[in-house]
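In what follows, a structure is listed as structure tokens, so that the remarks can point back to it.
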Amino acid sequence: MSVYLSVAPPDGFTKWGDADWEKWLKDHPWEQAERLCARGDWAIFLYQVRQHCPKARKALEPLLEQLVNERPLTAQDADDLRHALDVARDELDARPADAMKGQGNFASQEDLEAMIAAARTRLGKEPSLGDVWAEVFHHLDHVLDNAIAQKRGVYFGNI
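Residue 118 in the working numbering is what sits at position 75 of the sequence shown, and the numbering runs on without skipping anything.
Have a look at this one:
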């Protein structure tokens, strides 16, 4: 299974009835959800950010339950997430990818080694933690930038 993210309709859409949806869809093209990563990788990503990014962790804490459970984020939450991820990327870029290893039993060592090896192959050099998660950051940036530009939140999954 994968984790998908898309720009959400305006805040409050989770309480809409059929008539609200019909009106919205009549005037607005549907936005395709973007695949972020495999669901297991999403959990590892969030864990790695919490483990290795003290500044970003503080900013992510209020959003963590929604992120873990793949719940919609309001426009303000999307903006807060964007800023927290900018900090996380800087913090992860400053750490070697091998920092992922030995982090308890959250992910298997084989899975972590495979992630690091894929980044090493892609870059042709020893990756940072940020390099390992570059594709996830790229997809998150794309969706969050679109949502923020439209002053809307984001939605996990295909709605």
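Beta carbons are placed, not taken as given, at the ideal position from N, Cα and C, and that holds for glycine.
Small disclaimer: the values here were computed from a predicted structure and weren't measured.
Assuming residue i contacts residue j under a Cβ cut-off of 8 Å, what Cβ separation, rounded to an integer in Å, is found between them?
i	j	result
Leu135	Leu124	Going by Cβ atoms, the distance from Leu135 to Leu124 rounds to 15 Å, so no, they are not a contact pair.
Ala142	Asp174	12 Å between Cβ atoms; not a contact.
His95	Leu172	6 Å
Lys99	Val92	In the sequence on display, residue 99 carries Ala and not Lys. Between Val92 and Ala99 the Cβ distance is about 6 Å, and since that is below 8 Å, they are a contact.
Leu187	Ala121	6 Å
Quick one: residues in its chain with C-beta nearer than 8 Å to the C-beta of residue i, no 5 flanking neighbours on either side, listed in chain order?
i	result
Gln75	Ser49
Arg78	Ser45, Val46, Tyr47 and His182
What would DSSP say about residue i, mapped onto helix, strand or coil?
i	result
Ala150	coil
Arg78	strand
Pro52	coil
Pro18	The structure shown does not extend to residue 18, since the chain is modelled only from 44 to 202, so the question has no answer here.
Pro139	strand
Closer than 7 Å by C-beta to residue i: which residues in its own chain qualify, once you throw out the five before and the five after it? Chain order, please.
i	result
Gln152	Lys144
Ala163	The sequence given here has Arg at residue 163, not Ala. Glu169 and Pro170, listed in sequence order.
Arg82	Met44, Ser45 and Val46
Would you mind sorting residue i into buried or exposed? The rule is 16 or more other CB atoms within 10 Å of its CB.
i	result
Leu68	exposed
Gln119	exposed
Val197	buried
Arg165	exposed
Ala62	exposed
Trp176	buried
Ala192	exposed
Go through its chain and collect everything with a Cβ distance to residue i's Cβ below 6 Å, but skip five positions before and after it.
i	result
Arg132	Gly173 and Phe180
Lys101	none
Glu113	Phe199
His126	none
Pro52	Trp67
Gly60	none
Checking contacts by CB at 8 Å: is residue i closer than that to chain B?
i	result
Lys168	Note that chain B does not occur in the displayed structure, where there is just one protein chain.
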